[in-house]
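Below: one structure, written as structure tokens.
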Amino acid sequence: MIKNILCFGDSNTWGLNPVTGKRFDENTRWTSLLNKNLGCGFNVIEAGQPNRTLVHNPPFDGVLNAVSYLKPYLDKHDLDFIIIALGTNDLKKRFNLTPTLIADGLNDLINSIHIYYQQGSTLKSPKIIIASPPKIRITEQYSRIYEEADTKATELSSAFKSVAANNKCAFIDFNSFISITDGDGIHFDDVQHLAIGFKIAQLVQNSLNNC
17 MIKNILCFGD SNTWGLNPVT GKRFDENTRW TSLLNKNLGC GFNVIEAGQP
67 NRTLVHNPPF DGVLNAVSYL KPYLDKHDLD FIIIALGTND LKKRFNLTPT
117 LIADGLNDLI NSIHIYYQQG STLKSPKIII ASPPKIRITE QYSRIYEEAD
167 TKATELSSAF KSVAANNKCA FIDFNSFISI TDGDGIHFDD VQHLAIGFKI
217 AQLVQNSLNN C
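What follows is the structure in structure tokens.
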């Protein structure tokens, strides 16, 4: 039986290239590499959307809010895993959110998933993997948009880890194996995509082995 994995995230899940501003190809994106690393028994559904948030709807783009846009994927697919890789866009200065409030948004999203499967679906609830975004490196390009976000991002990792533990979700901290030292300070380069695709594949396999 094919196992379906939904990768639900922002521009770093979509695969935005920090140099060109375009999308990395399927040989580079961590989501595509995850599928290749896991092999033919898996189907990875790429659901990355630039500017997606956990808490507020970005102006004029309400569909980018995570809670309101996840349900169509749950309706369409029989999922075995949901990987949630969000939080970076919530750190933008204009939202004025603390790490605690962003983590509350993550907790609300997880609760929405649980309620969907408990009350509105006959399908088995999928395993949830929480990915904490890496620390932001403030560059001239994003200095006004992400002012003070580098400090908040460090606290966010700890807050996300607690949410994952409280909800019995698997957790992966991108800070533990990648660092955004080049590029625009926000988006993954090809080397980082490679590392993420490998690490998450390991996490998925370990989760299946421990069933």
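Count along the sequence shown starting at 1, add 16, and that's the number in our numbering.
Every residue gets a Cβ at the ideal spot worked out from N, C-alpha and C, and that includes glycine.
Since the structure is predicted, the reported quantities are computational estimates derived from the model, not experimental observations.
Three-way DSSP call (helix, strand, coil) for residue i in this model
i: residue 71; result: coil
i: residue 59; result: strand
i: residue 168; result: helix
i: residue 22; result: strand
i: residue 204; result: coil
i: residue 97; result: strand
i: residue 213; result: helix
i: residue 28; result: helix
i: residue 110; result: helix
Residue i classed as buried or exposed, judged by whether at least 16 other C-beta atoms fall within 10 angstroms
i: residue 2; result: Past the edges of the chain, shown from 17 to 227, lies residue 2, and the structure says nothing about it.
i: residue 107; result: buried
i: residue 23; result: buried
i: residue 58; result: buried
i: residue 26; result: buried
i: residue 216; result: buried
i: residue 188; result: buried
i: residue 134; result: exposed
Test item: CB-CB of residue i and residue j under 8 Å
i: residue 8; j: residue 71; result: Nothing about residue 8 can be read from this structure; the chain reaches only from 17 to 227.
i: residue 163; j: residue 115; result: no
i: residue 184; j: residue 148; result: no
i: residue 32; j: residue 203; result: yes
i: residue 96; j: residue 20; result: yes
i: residue 182; j: residue 101; result: no
i: residue 94; j: residue 125; result: no
i: residue 98; j: residue 129; result: yes
i: residue 206; j: residue 199; result: no
i: residue 186; j: residue 219; result: yes
i: residue 105; j: residue 160; result: no
i: residue 155; j: residue 201; result: yes
Cα-Cα separation, residue i to residue j
i: residue 211; j: residue 89; result: 26 Å
i: residue 153; j: residue 92; result: 37 Å
i: residue 146; j: residue 40; result: 23 Å
i: residue 157; j: residue 30; result: 20 Å
i: residue 112; j: residue 214; result: 34 Å
i: residue 165; j: residue 47; result: 25 Å
i: residue 34; j: residue 49; result: 18 Å
i: residue 119; j: residue 173; result: 9 Å
i: residue 225; j: residue 110; result: 43 Å
i: residue 122; j: residue 44; result: 27 Å
Residue i CB to nearest heavy atom of the ligand FMN below 7 Å
i: residue 99; result: In terms of ligand content, the structure shown is empty, and the ligand FMN therefore cannot be addressed.
message: Threshold first: 4 residues or longer. Then list the alpha helix (DSSP H) segments lying entirely within the stretch 113-200, N to C.
response: 115-135, 165-182
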